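621 is the number of the first residue of the sequence shown in my numbering; add one for each residue after it.
Heads up, the beta-carbon is just placed ideally off N, CA and C, and yes, glycines get one too.
Keep in mind that this is a model prediction, so the values were computed, not measured.
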Amino acid sequence: MSRRLRLPKGSQFQMSLTEQAYKRIKHMILTEELPPATPIDLHEMTGLLGVGKTPVREALQRLALEKLIIISPRRGTFVTDLSIIQLQQALDARLIIERHTVRIMASKITECEVAALRKLIQDIEQLSAHRDYLGAVQVDERFHLSIAEATGNDYLADFLSLLLPVTMRFWYRGFRQSPDPALTTRTTYDAHQAIIDGLERHDADAAERAMVQHISAFRKEAVERIMTASAVNWATLVHKSV
Numbered sequence: 621m622s623r624r625l626r627l628p629k630g631s632q633f634q635m636s637l638t639e640q641a642y643k644r645i646k647h648m649i650l651t652e653e654l655p656p657a658t659p660i661d662l663h664e665m666t667g668l669l670g671v672g673k674t675p676v677r678e679a680l681q682r683l684a685l686e687k688l689i690i691i692s693p694r695r696g697t698f699v700t701d702l703s704i705i706q707l708q709q710a711l712d713a714r715l716i717i718e719r720h721t722v723r724i725m726a727s728k729i730t731e732c733e734v735a736a737l738r739k740l741i742q743d744i745e746q747l748s749a750h751r752d753y754l755g756a757v758q759v760d761e762r763f764h765l766s767i768a769e770a771t772g773n774d775y776l777a778d779f780l781s782l783l784l785p786v787t788m789r790f791w792y793r794g795f796r797q798s799p800d801p802a803l804t805t806r807t808t809y810d811a812h813q814a815i816i817d818g819l820e821r822h823d824a825d826a827a828e829r830a831m832v833q834h835i836s837a838f839r840k841e842a843v844e845r846i847m848t849a850s851a852v853n854w855a856t857l858v859h860k861s862v
């Protein structure tokens, strides 16, 4: 009689299922296949992904740490809404971390690390040109995280990894809604180039200034988009009520 193999908890197989569930749910959140404020039912998600409850539950816990979902004992689990307050708080924290990471890297970056960063921003440009905006956003996330990881300070990298998914949601929406995605791509490319140029010259002040300008410009654009969308939604509601 055959017996089903039971893998030990925490095994590599179990972790891979959790990682798969995490990536697929995160993809649905970023692309708004799961729109903001959408409830997430554990049983339904398990059936949709074709995995057990444990991997899905662990994936949801990880997404909750990244503020992409909220798990409430009373209200249940649902996708975090997009709000200006959330964006401002995440970007404030990113500024504190990333202006520090580039200063550290300016004193120690190698030619190989510079080349790797330049390759990443070229990938962003190519993905955007092919309208793979989600891919571009994911490589953008890798660009910023690579700098933090290269500092050798695991705390900085870990903190940043929790903040990036929040701001990347706004970044992906910005790409999709941009009237001129090519201009958005070029602006981002130039901003990344300025950061890398400062790092390559080992000019901490220039690298920090470029990073601050990059994040501040993103903040301004994202907030304007949220305000515009809110105004349109409000006008629509008023029109329907008349």
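message = Counting C-beta neighbours from all protein chains within 10 Å, is the total for residue 812 16 or more, i.e. buried, or is it exposed?
response = buried
message = Just verifying my parser: in three-state terms, what is the DSSP assignment at residue 636?
response = helix
query = How would you call residue 818, buried or exposed, if buried means at least 16 neighbouring beta carbons within 10 angstroms?
reply = buried
message = Let me check understanding here. Comparing Cα to Cα, which of 791, 717, 786, 783 lies closest to residue 771?
response = 717
ask   = Is residue 656 helix, strand or coil by DSSP?
value = coil
ask   = Apart from the five residues on each side of it in sequence, which residues of its chain come closer than 8 Å, Cβ to Cβ, to residue 681?
value = 691
query = For residue 697 versus residue 656, is the C-beta spacing smaller than 8 Å?
reply = no
request  = Could you spell out the range, first to last residue, of the alpha helix (DSSP H) harbouring residue 730?
outcome  = Where residue 730 is concerned, there is no enclosing alpha helix (DSSP H), given that its DSSP letter is neither H nor E.
query = What residues match up with residue 763 in a beta bridge as DSSP calls it?
reply = Beta-bridge pairing links residue 763 to no other residue.
task = Using 10 angstroms around the beta-carbon of residue 693, count the other beta-carbons present and answer buried if the total reaches 16, otherwise exposed.
result = exposed
query = Can you list the alpha helix (DSSP H) stretches of 4 or more residues lying completely in the segment 692-716, in chain order?
reply = none
query = Between 719, 774, 793, 807, which lies nearest to residue 752 when the distance is taken from Cα to Cα?
reply = 793
message = Across the segment 662-679 and the segment 704-720, are there enough close Cβ pairs to call them in contact, namely three or more that are closer than 8 Å?
response = no
query = If we ignore side chains and look at the alpha-carbon of each, how far apart do residue 636 and residue 679 end up?
reply = 11 Å
key: Distance between residue 788 and residue 824 (C-alpha atoms, nearest Å)   = 25 Å
key: Cβ shell of residue 835 (< 8 Å), same chain only, five flanking positions each side left out   = 711, 714, 715, 718
request  = Return the first residue and the last residue of the alpha helix (DSSP H) that residue 783 is part of.
outcome  = 774-797
request  = Sort out for me which residues DSSP pairs residue 689 with in a bridge.
outcome  = 699
inquiry  = When you compare the segment 722-737 with the segment 795-811, are there three or more beta-carbon pairs, one atom per stretch, that lie closer than 8 Å?
reply    = no
query = Cα separation between residue 677 and residue 777?
reply = 24 Å
request  = Count the other C-beta atoms from every protein chain shown that fall within 10 angstroms of the C-beta of residue 847, then say buried if there are 16 or more, exposed otherwise.
outcome  = exposed
query = So what does DSSP say about residue 821, is it helix, strand or coil?
reply = coil
key: Of the listed residues 754, 729, 764, nearest to residue 740 (C-alpha basis)   = 764
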